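A short worksheet on the structure shown next.
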Amino acid sequence: MRNTEEIWRLVDAKRDPFQDLSDRVWGMPELAYTETRSCAEHTEMLRQQGFRVTEKVAGIPTAVMGEAGEGGPVIAILGEYDALPGLSQEAGVAEPKPLPGPGFGHGCGHNLLGSASLLAAAAVKDWLAANNLPGRVRYYGCPAEEGGAAKGFMVRDGAFKDVDIAISWHPAAFCAVNEPVSLANTRIDFSFTGRASHAAAAPHLGRSALDAVELMNVGVNYMREHMPSDARIHYAYLDAGGVAPNVVQPTAKVRYLIRARDLVELRALITRVRKIADGAALMTETKVEAKVVSGVSNLLGNTPLERAMQNNLDRLGPPPFDDLDRARAAEFQATLSDEDISTAWRKMGLPVRKGVPLCDVIVPLEVKGAPMVGSTDVGDVSWVVPTVQARGATYAIGTPGHSWQLTAQGKLPAAHKGMIHVAKVMAGTAVDCLLDPGLVAAAKADLAERTKDNPYEPVLSPDVQPPFDMSKTAA
Ligand SMILES: [Zn+2]
1 MRNTEEIWRL VDAKRDPFQD LSDRVWGMPE LAYTETRSCA EHTEMLRQQG
51 FRVTEKVAGI PTAVMGEAGE GGPVIAILGE YDALPGLSQE AGVAEPKPLP
101 GPGFGHGCGH NLLGSASLLA AAAVKDWLAA NNLPGRVRYY GCPAEEGGAA
151 KGFMVRDGAF KDVDIAISWH PAAFCAVNEP VSLANTRIDF SFTGRASHAA
201 AAPHLGRSAL DAVELMNVGV NYMREHMPSD ARIHYAYLDA GGVAPNVVQP
251 TAKVRYLIRA RDLVELRALI TRVRKIADGA ALMTETKVEA KVVSGVSNLL
301 GNTPLERAMQ NNLDRLGPPP FDDLDRARAA EFQATLSDED ISTAWRKMGL
351 PVRKGVPLCD VIVPLEVKGA PMVGSTDVGD VSWVVPTVQA RGATYAIGTP
401 GHSWQLTAQG KLPAAHKGMI HVAKVMAGTA VDCLLDPGLV AAAKADLAER
451 TKDNPYEPVL SPDVQPPFDM SKTAA
């Protein structure tokens, strides 16, 4: 790793407390919208670093923003710190070993995500001060990326309205500019209400809400053949009516997660799923109510920013992983199948190389991988602010997302090196924007071009509130 530039040295100068911050957040895994301690850790770090702090951004108790600098363009660096249920795991151990406690774990690496973004913002703050230049840098601590769509609510509340450029990243197996492909999605709860009765003595008097949910699911499953091939629909029962089979179930509730390539396709699919729900209610003489829980937009790319970020990656080279890091990563690869590992290479559009446990390359910008079939709430930010994201190599190639292996690698020296590396990539991209008004103008023109025939219409209607209690069922 070449490490010559001032901004990169400023990142290095601060690395230790930010590695510690990441490790502390790893050790206090909190689910979506309950990240009280993790957010407090980030808030405290912002204060220590001399940022002007705004708490409870958009009325969300676990969202925080810190700003530094004066005048000039506003560069936002976005972080996250939510964990996942069912992914508790001892650090550094290459076999499943949950820790005592509620079973939560940082199986998506958001401990690193938040800390590296805050580190990048702090280094840019120091760079602005050292060079006495106009410009502001902000760190946004964004909660509930895992299904809570917090950034969508923050966008709706205007939290990014005076931001010129947004930069973020996600832990990954490879170092690359993130290909801006993700699915728009929404979660909708369908609650059916029927009438209870004795299932044997008076079945004709009962109207089963459970039947309605089952018929709805059958209808949606038949629709799958006739929807766009990259759309996805999943569902989970939130209430199956009860445990007594001799009662006609008077209530039932199902949560649908509907995903599509873009907002236009998503809206069309939502309309069809709602019709099927109405049809199921009609068939069973029950009533149905639909409530939107959350939603995110697909990601928009930004060519000028992607080029600027790639340039930083190319100048920096891959993270300085050593033989010990590779040996530890190989232990985790030994828990994976050959297919897990080869799929990871192919997804990035790279030829499969055996015996390479950690990333040792920078993926070129023109290499295109398989389109991502997940979703992220960064999507909503990308519709209102020119946005770019990095992938930072922090774990063994082939490690599945949301896995115990990912939790286990979250405190290894390789994870720390990857997080410092990607902080340099983000801080370097921010400095490029601060030094070059032409880059900021080009990024804005790119966004205007992408949205001119297709303006932003968020999935979240004004009446939808952040699902603050969404993690209760998992807790
Ligand atoms: Zn994630």
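Using full-length UniProt numbering, you'd call the opening residue of the sequence shown number 1 and step up by one each time.
Backbone N, C-alpha and C define an ideal beta-carbon position, used for all residues, glycine too.
Computed from a predicted structure; not experimentally measured.
A Cβ-Cβ distance of about 18 Å is found for the pair Thr407 and Gly147, leaving them out of contact under the 8 Å criterion. For Tyr222, the secondary structure class from DSSP, reduced to helix, strand or coil, is helix. Ala281 and Lys275 do not touch by the CB rule: their CB atoms are close to 11 Å apart, not below 8 Å. Within a 10 Å sphere around the beta-carbon of Glu35 sit 16 or more other beta-carbons, which makes this residue buried. Ile77 places its beta carbon 7 Å or farther from that of Ser22. The alpha helix (DSSP H) runs lying completely inside the stretch 345-393 and spanning 4 residues or more are 378-384, given in chain order. Where Lys56 is concerned, there is no enclosing beta strand (DSSP E), because DSSP gives it neither an H nor an E. Note on geometry: alpha-carbon atoms of Phe153 and Lys161 lie some 13 Å from one another. With a cut-off of 6 Å, the C-beta of Cys142 is classified as distant from ligand 1, since no heavy atom of the ligand falls inside that distance.
For Val11 and Asp278, the gap between their C-alpha atoms comes out near 56 Å.
Distance from the C-beta of Cys108 to the nearest heavy atom of ligand 1 is below 6 Å. In the same chain as Asp239, and ignoring 5 residues on each side of it, the C-beta atoms closer than 7 Å to its own belong to Thr251, Ala252, Lys253, in chain order.
CA-to-CA, the gap between Arg138 and Leu31 works out to about 24 Å.
Linking His421 to Asp432 through their CA atoms gives a straight-line distance of about 17 Å.
By the CB criterion at 7 Å, Arg255 and Ala236 fall inside the cutoff.
Your pair Val296 and Thr376 checks out as a contact, with CB atoms roughly 7 Å apart and the cut at 8 Å.
Taken through DSSP and simplified to helix, strand or coil, Pro171 comes out as strand. Excluding the 5 residues flanking it on each side, Ala122 has same chain C-beta neighbours closer than 7 Å at Lys14, Gln49, in chain order. For Thr343, the CB contacts under 8 Å within the same chain, skipping 5 residues up- and downstream, are Gly398 in chain order. Separation of the CB atoms of Gly135 and Tyr81 is rounded to 26 Å, and the pair is thereby denied contact status at 8 Å.
The three-state secondary structure of Asn178, taken from DSSP, is coil. For the options Leu119, Leu263, Gly206, Ala414, the alpha carbon positioned closest to that of Pro319 is the one of Ala414. Between Leu324 and Gly92, the CB-CB gap reaches or exceeds 7 Å.
Asn298 places its beta carbon 7 Å or farther from that of Gly194. A residue is called buried when at least 16 other Cβ atoms come within 10 angstroms of its Cβ; Ala427 meets this threshold and is buried. Only residues of its own chain outside the window of five on either side were considered, and among them Tyr235, Val254 have a CB closer than 8 Å to the CB of Asn217, listed in chain order. Going by beta carbons, Ile60 and Ala201 fall outside the 7 Å limit. Here Val137 is bridged, per DSSP, to Ala68, Ile75.
Distances from the CA of Ala129 to each of Gly69, Pro100, His198 were compared; the closest alpha carbon is that of Gly69. The stretch 306-317 makes contact with the stretch 350-365; the number of CB pairs closer than 8 Å reaches 3 or more. Annotated as distal: Ala329 and Phe174, with beta-carbon spacing of 7 Å or more.
Taken in chain order, the unbroken stretches of alpha helix (DSSP H) that lie wholly in the stretch 209-288 and span 4 residues or more are 209-223, 263-284.
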